[in-house]
Ligand code: PMP
Ligand code: GLN
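Numbering (the numbering used here), first residue to last: 1494 to 1907.
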């Protein structure tokens, strides 16, 4: 016994000797240093920099205002009403019904609430559970567009598969379709698409989405879509891949209440798709968290049933915030790449001394009083050079906060 605790006590100082899947997870996310130490995620690092310096945090994407009162009140009422024990494993029936109604109302999708959907601890758990459930070994490949949300590479590495990336290049951040086709093969188990896209703000065109389906059919791959910004598309209604011909039978669609209702801390997400795929995901999910958030689940059901105006207004308000942020960034000397959806504006800092955007972002809190994230944090190590100069700013903040950030950046850029 003493020997065991000695061994592990010592290992705390030499993390590299602790064996286990954590190492490949950290390496997959680009967080494992050569000496075996593990760095915090870029979001944790940058939020800590904001707290330390008092800088405005346009790094981690979370709103600084509460969401709709109906949703907040419904959670309070659920707690008062005793919804404080484990909910059913698939989720509270009222939320399962509300997700099904929402998918029909907005997209015409027909989802059986009893068999084809489960509630998860945010989109993150849905993604990780789906990847762990469907990946079967080191020969399996997962194709993603790059840059990608950080949890994708971490979860694919944890699951022990190979990540295959297809580059998205500025200014439009649409994939080259020939390159995409060449990246998908019979080894491809999953094509994982985030639309609208974090961090680039891209919304993929119909020809890209159609190609996702064609390639998945051709190589018998599962499509996993991450649509957490589904209600934050600015120029055209969001089009889930599952609505395309031939897609629904092989697609797992993931979303989350966090962005739609400004409740990122509640961690209520969901995943839907064919019953057999959902059963596979549930099998893993039930041993990750089992369940979560029982009073929040009915509250999100109320949110999903809000009138159309709520959803349209949320997108319009965020679009306006991007314009304010974009104007400030331009005044400061950045070249702005306006987003088509989602929380983030990407800007090129090369002209104001940010050719190395990772170093630029590390210095920015002290130098300008603003926190932002280099796009290279969303890119595998080998491809970082292609994104140097690009910086991601979160626009999901109050207008006065964005205006203050813009003023600080303009003063800095001059
Ligand atoms: N996917 C994307 C693209 C995201 O941006 C985020 C969070 N910002 C997530 C997944 C995670 O969502 P959740 O907080 O619901 O786990
Ligand atoms: N998804 C949020 C972002 O992209 C961060 C969430 C997190 O910290 N993991 O900023």
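Glycine included, each C-beta is placed from N, C-alpha and C at the ideal position.
Whether residue i touches residue j by CB criterion (8 Å)
{"i": "residue 1657", "j": "residue 1644", "result": "no"}
{"i": "residue 1635", "j": "residue 1654", "result": "yes"}
{"i": "residue 1777", "j": "residue 1751", "result": "no"}
{"i": "residue 1593", "j": "residue 1606", "result": "yes"}
{"i": "residue 1807", "j": "residue 1724", "result": "yes"}
{"i": "residue 1879", "j": "residue 1660", "result": "yes"}
{"i": "residue 1834", "j": "residue 1689", "result": "yes"}
{"i": "residue 1803", "j": "residue 1561", "result": "yes"}
{"i": "residue 1728", "j": "residue 1678", "result": "no"}
Distance between residue j and residue i (C-alpha atoms, nearest Å)
{"i": "residue 1718", "j": "residue 1881", "result": "27 Å"}
{"i": "residue 1498", "j": "residue 1809", "result": "Only weak support is given to the placement of residue 1498: the predicted model assigns it a pLDDT of 38, under 50, and the question is left unresolved by the model."}
{"i": "residue 1503", "j": "residue 1652", "result": "Bear in mind that the predicted position of residue 1503 carries a pLDDT of just 45, short of 50, making it unreliable; the figure below should be weighed with that in mind. In a straight line, the C-alpha of residue 1503 is about 28 Å away from that of residue 1652."}
{"i": "residue 1831", "j": "residue 1512", "result": "44 Å"}
{"i": "residue 1964", "j": "residue 1813", "result": "In this structure the chain extends from 1494 to 1907, so residue 1964 is not present and cannot be described."}
{"i": "residue 1910", "j": "residue 1555", "result": "Since the displayed the chain opens at 1494 and closes at 1907, residue 1910 lies outside it and no answer follows."}
{"i": "residue 1537", "j": "residue 1623", "result": "25 Å"}
{"i": "residue 1754", "j": "residue 1887", "result": "16 Å"}
{"i": "residue 1841", "j": "residue 1867", "result": "10 Å"}
{"i": "residue 1761", "j": "residue 1612", "result": "7 Å"}
{"i": "residue 1890", "j": "residue 1558", "result": "7 Å"}
{"i": "residue 1615", "j": "residue 1749", "result": "6 Å"}
{"i": "residue 1632", "j": "residue 1608", "result": "30 Å"}
{"i": "residue 1765", "j": "residue 1604", "result": "8 Å"}
{"i": "residue 1906", "j": "residue 1815", "result": "19 Å"}
{"i": "residue 1543", "j": "residue 1855", "result": "11 Å"}
{"i": "residue 1788", "j": "residue 1691", "result": "29 Å"}
{"i": "residue 1694", "j": "residue 1666", "result": "8 Å"}
{"i": "residue 1553", "j": "residue 1865", "result": "8 Å"}
{"i": "residue 1819", "j": "residue 1829", "result": "6 Å"}
{"i": "residue 1638", "j": "residue 1800", "result": "33 Å"}
{"i": "residue 1851", "j": "residue 1715", "result": "34 Å"}
{"i": "residue 1699", "j": "residue 1736", "result": "11 Å"}
{"i": "residue 1680", "j": "residue 1649", "result": "14 Å"}
{"i": "residue 1601", "j": "residue 1767", "result": "16 Å"}
For residue i, the three-state DSSP class (helix, strand or coil)
{"i": "residue 1572", "result": "helix"}
{"i": "residue 1829", "result": "strand"}
{"i": "residue 1562", "result": "helix"}
{"i": "residue 1762", "result": "strand"}
{"i": "residue 1689", "result": "coil"}
{"i": "residue 1799", "result": "coil"}
{"i": "residue 1682", "result": "strand"}
{"i": "residue 1781", "result": "coil"}
{"i": "residue 1881", "result": "coil"}
{"i": "residue 1914", "result": "No answer is possible for residue 1914: it lies beyond the span of the chain, which begins at 1494 and ends at 1907."}
{"i": "residue 1612", "result": "strand"}
{"i": "residue 1791", "result": "helix"}
{"i": "residue 1737", "result": "coil"}
{"i": "residue 1697", "result": "coil"}
{"i": "residue 1622", "result": "helix"}
{"i": "residue 1655", "result": "strand"}
{"i": "residue 1719", "result": "strand"}
{"i": "residue 1897", "result": "helix"}
{"i": "residue 1666", "result": "coil"}
{"i": "residue 1858", "result": "helix"}
{"i": "residue 1726", "result": "strand"}
{"i": "residue 1949", "result": "Residue 1949 lies beyond the range of the chain shown here (1494 to 1907); nothing can be said about it."}
{"i": "residue 1744", "result": "strand"}
Chain-order list of residues whose beta-carbon lies under 7 Å from that of residue i (same chain, five-residue window excluded)
{"i": "residue 1863", "result": "1548, 1549, 1551, 1857, 1898, 1901 and 1902"}
{"i": "residue 1791", "result": "1567, 1571, 1576, 1585, 1587 and 1588"}
{"i": "residue 1516", "result": "1525"}
{"i": "residue 1827", "result": "1840, 1841, 1842 and 1845"}
{"i": "residue 1599", "result": "none"}
Cβ shell of residue i (< 6 Å), same chain only, five flanking positions each side left out
{"i": "residue 1646", "result": "1521, 1522 and 1656"}
{"i": "residue 1775", "result": "1611"}
{"i": "residue 1532", "result": "1524"}
{"i": "residue 1773", "result": "1626"}
{"i": "residue 1619", "result": "1613, 1747, 1762 and 1764"}
Cutoff 8 Å: residue i Cβ touching any chain D Cβ
{"i": "residue 1571", "result": "Included in the structure is just one protein chain, with no chain D present."}
Same chain, Cβ closer than 8 Å to residue i, neighbours up to 5 away in sequence not counted
{"i": "residue 1534", "result": "1522, 1524 and 1643"}
(message) Below 8 Å, how does it come out for the stretch 1781 to 1795 and the stretch 1627 to 1634: are there three or more Cβ pairs, yes or no?
(response) The stretch 1781 to 1795 makes no contact with the stretch 1627 to 1634; the number of CB pairs closer than 8 Å stays below 3.
(message) So, does the stretch 1677 to 1690 touch the stretch 1704 to 1716, judging by three or more C-beta pairs under 8 Å?
(response) yes
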